[in-house]
Amino acid sequence: MDKQGLWMGIICGLTVQVVALVTVNACTNWDQEAAKATRMVKEAENAIYTAA
Numbered sequence: 001m002d003k004q005g006l007w008m009g010i011i012c013g014l015t016v017q018v019v020a021l022v023t024v025n026a027c028t029n030w031d032q033e034a035a036k037a038t039r040m041v042k043e044a045e046n047a048i049y050t051a052a
């Protein structure tokens with residue numbers, strides 16, 4: 001049985017995955033995401049302190 005089709009499928013799948021990940025990373029505003037994460041951590045800390 002020829003394994004060329006299997007390897008071509010794996011290579012095509014990996015290529016699509018890489019293109020998708022690069023696109024998502026290139027289009028993401030990382031400063032905005034970092035600010036959002038910081039805000040969420042501060043809100044969680046406030047919730048912990050007010051609940052205690």
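Once you know that position 10 of the sequence shown is 10 in my numbering, the rest is easy, because the numbers rise by one and skip nothing. Even glycine gets a Cβ: it sits at the ideal position worked out from N, Cα and C.
Between the alpha carbons of residue i and residue j, how many angstroms are there, rounded?
i	j	result
Q4	E43	53 Å
V16	G9	11 Å
D31	A37	10 Å
E45	T23	33 Å
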